[in-house]
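Worksheet for the structure shown next.
Numbering (the numbering used here), first residue to last: 12 to 135.
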């Protein structure tokens, strides 16, 4: 079978360097991966094809689970505004005020400092 996805004719080197990547927590199942040697892609790589099984979305519960796969809740902050001196000063003051009230273990302090920094960024 053809396993190699890359070749170099001048030194007669072959290697498997092209892959299909999927998430571990997905219902998609990769059934087969093949290397197609006949296609000229304009490089020294062979075309890699994959057969993927997509499960039937019968109920609403499965549909909601599949739609939420890969979605993370990520907070975003406007870091460009910190270039303004007044906003940067306000941000530093609020973080300092919130840190002064801490008297806990190292782990607790870390969690609270992280929360205070996010809170101060939202306020500034």
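Note that beta-carbon positions come from the ideal geometry of N, C-alpha and C, so glycine has one too.
What three-state label does DSSP hand residue i in the structure shown?
i	result
residue 108	helix
residue 56	strand
residue 129	helix
residue 45	strand
residue 67	coil
To the nearest whole angstrom, what separates the beta carbons of residue i and residue j, a pair I think is in contact under 8 Å?
i	j	result
residue 126	residue 88	About 13 Å; that fails the 8 Å criterion.
residue 110	residue 124	6 Å
residue 56	residue 29	6 Å
residue 42	residue 67	Going by Cβ atoms, the distance from residue 42 to residue 67 rounds to 15 Å, so no, they are not a contact pair.
Does the Cβ-Cβ distance between residue i and residue j come in under 7 Å?
i	j	result
residue 47	residue 60	yes
Pull up the DSSP beta-bridge partners for residue i, would you.
i	result
residue 24	19
residue 62	43
Could you name the residues of the same chain whose beta carbon sits closer than 8 Å to that of residue i, not counting the 5 residues immediately before and after it, in chain order?
i	result
residue 14	27, 46
Within a Cβ cutoff of 7 Å, which residues of the same chain sit near residue i, ignoring the five residues on either side of it in sequence?
i	result
residue 106	127, 128, 131
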